[in-house]
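Notes for the one structure printed next.
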DNA sequence: GTCAAGAATCTAGCATTGCTAGTTCTGTGG
DNA sequence: CCACAGAACTAGCAATGCTAGATTCTTGAC
């Protein structure tokens with residue numbers, strides 16, 4: 002069945018093509034510029050083929066987001082491993098903010114725009130779990146306390162990322178904010194109470 | 002000139018009517034349901050009158066946001082004043098999160114959706130400055146250190162607010178997260194370094 | 001009171017959007 | 001070589017933000 006086999010391969014290739022085209026277009030001109038017509042033109046097919054691959058436009062964005070979760074996890078992992086253990090929080094968080102600044106449109110698809118992707122649930126996709134695991138891991142062993150700290154610092158990082166790329170907070174001072182944030186979280190008491 | 006005077010009054014009344022109608026519709030069904038047609042129907046005028054009051058649809062949303070900044074500042078102020086001084090950070094931050102949870106659509110217009118409103122600039126509208134001032138004030142006198150802490154905690158609060166209302170973080174645990182956040186920020190050293 | 005000037009408001013329409021029904025083309029198996 | 005299945009396209013629908021042009025309504029001079 003090499004015939005249908007080849008078809009399968011070509012189909013997968015086109016699937017990837019659509020995702021990367023959407024990503025590039027979004028990164029270049031923002032998600033509001035990603036219309037089904039422009040996207041179709043970009044991949045050199047007509048609109049209906051997009052719907053042969055994805056249920057609707059949002060599903061395409063979700064696919065871009067999923068790709069992003071993988072990359073984000075990878076970036077945080079590498080940053081943590083290539084830094085001394087005493088700096089693992091700082092390195093991981095720095096990688097997070099760097100990713101958000103480098104790929105604002107992908108970041109938007111992951112964490113800002115409406116999505117069908119399930120967070121903190123049984124159906125949460127593996128790359129997302131892995132990325133969050135990196136954040137927890139930077140605090141040490143995976144126990145309840147570190148998970149809580151990781152969740153909180155994730156919230157903080159997300160806030161900083163989104164407010165600065167959205168022009169609501171001066172982006173220049175992001176480094177200082179990160180320093181301050183890491184300092185506060187490193188002072189965290191080992192048990193609750195002082 | 003009571004004639005033109007009355008016209009002026011009616012015009013102002015309708016201006017307010019449009020804003021509150023947009024707000025209610027957004028809060029009830031989300032901003033994507035706020036179309037110019039539905040909004041026009043709701044205020045019982047035709048579409049073009051909307052454009053006699055606002056440059057475009059986004060300007061209506063910005064007007065809703067501006068109203069929100071006033072209310073948020075007010076809420077934080079009241080919370081801080083009716084709490085013991087030792088709890089002012091906690092009270093102010095609690096009010097922030099409460100506002101975000103109570104008025105998700107308004108919060109979205111203020112801090113998430115694209116906007117023409119200038120943040121951290123000379124043209125920043127007074128209600129926005131006042132609201133941020135409340136946050137700074139909860140840390141004590143308005144100096145550089147407290148401003149930096151306020152900016153950072155604002156980022157953190159925003160992250161928590163947006164991730165929990167967006168279904169990306171379980172909303173039930175918001176109280177615990179707030180406790181943890183406030184504990185970390187209360188431990189902040191007075192001068193940089195340990 | 002009448003009637004033209006000007007303001008206020010509406011109707012109707014444009015271009016663009018996401019999505020799809022129905023037709024045409026293409027390549028494969030007999 | 002041909003009939004047929006699947007793939008791709010054309011053309012269109014309903015809804016969107018916004019606006020030009022027609023229409024109605026108010027106002028003030030005579």
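Residue numbers (the working numbering), protein chains in the order written: chain A, 2 to 195; chain B, 2 to 195. Glycine included, every Cβ here is placed at the ideal spot set by N, Cα and C.
Its chain contains 32 as the residues whose beta carbon lies nearer than 7 Å to that of residue 109(A), once the 5 sequence neighbours on both sides are disregarded; these appear in chain order.
Chain order gives the chain B residues near residue 113(A) as 113, 163, 167, where near means a beta carbon separation below 9 Å. Residue contact check for residue 181(A) against chain B: a CB pair falls below 8 Å. The contact set of residue 157(B) on chain A, defined by CB atoms closer than 7 Å, consists of 156, 157, 160 in chain order.
Following the DSSP letters along the chain, one finds residue 155(B) inside the alpha helix (DSSP H) bounded by residues 145-166.
In the DSSP assignment, residue 58(B) falls within the alpha helix (DSSP H) that extends over 58-82. Under the three-state reduction of DSSP output, residue 116(B) falls in the coil class, being neither helix nor strand. Here residue 77(A) is buried, its C-beta having at least 16 other C-beta atoms within 10 Å.
Non-local C-beta neighbours of residue 139(B) in its own chain, meaning closer than 6 Å and more than five positions away in sequence, comprise 81, 89, 90, 93, ordered along the chain. Between residue 26(A) and residue 182(B) the beta-carbon gap is near 37 Å, outside 8 Å, which marks them as no contact. Taken through DSSP and simplified to helix, strand or coil, residue 178(A) comes out as helix. Contact annotation, residue 41(A) with residue 48(A): C-beta distance approximately 5 Å; criterion of less than 8 Å satisfied.
Residues of the segment 80-92 of chain B with a Cβ closer than 7 Å to any Cβ of chain A: none. Residue 14(B) has a beta carbon lying at 8 Å or more from every beta carbon in chain A.
Taking 8 Å as the cut-off, the beta carbon of residue 44(B) is found no closer than this to the beta carbon of residue 61(B).
Taking a Cβ-Cβ threshold of 7 Å, the residues of chain B close to residue 153(A) are 178, 181, 182, in chain order. Taking a beta-carbon distance threshold of 8 Å, residue 172(B) does not count as an interface residue toward chain A.
Going by DSSP, residue 52(A) is part of the alpha helix (DSSP H) stretching over 48-54. Residue nearest to residue 24(A) within the set 103(A), 52(A), 99(A), 86(A) is 103(A) (criterion: CA-CA distance). The segment 159-167 of chain A and the segment 171-188 of chain B do not touch, with fewer than three beta-carbon pairs separated by less than 8 Å.
With fewer than 16 other beta carbons inside 10 angstroms of its own, residue 86(B) counts as exposed. Judged by beta-carbon spacing, residue 170(B) lies beyond the 8 Å limit of residue 184(A), meaning their Cβ atoms are not closer than that value. Approximately 4 Å separates the beta-carbon atoms of residue 131(A) and residue 74(A); this is inside 8 Å, confirming the contact.
Under the Cβ criterion of 8 Å, residue 140(B) is not counted among the residues facing chain A.
Taking 8 Å as the upper bound for CB-CB distance, residue 160(A) and residue 95(B) are not in contact here, some 16 Å apart.
Taking 8 Å as the CB threshold, residue 149(A) lines the interface with chain B.
Of all residues in the segment 118-140 of chain A, the ones placed with a Cβ closer than 8 Å to any Cβ belonging to chain B are 120, 121, in chain order. Contact annotation for residue 186(B) against chain A: 185 [CB-CB distance below 7 Å, chain order]. Going by C-alpha positions, residue 46(A) is about 43 Å away from residue 156(B). About 6 Å separates the beta carbons of residue 150(A) and residue 186(A), which is inside the 8 Å limit, making them a contact pair. Going by beta carbons, residue 98(B) and residue 22(B) fall outside the 8 Å limit. When secondary structure is reduced to three states using DSSP, residue 28(B) falls in the helix class.
Between residue 9(B) and residue 59(B), the C-beta spacing is not below 8 Å. If you look at residue 87(B), you'll find it isn't in any alpha helix (DSSP H); DSSP assigns it neither H nor E. Chain-order list of chain A residues neighbouring residue 189(B): 181, 184, 185, 188, by C-beta distance under 9 Å.
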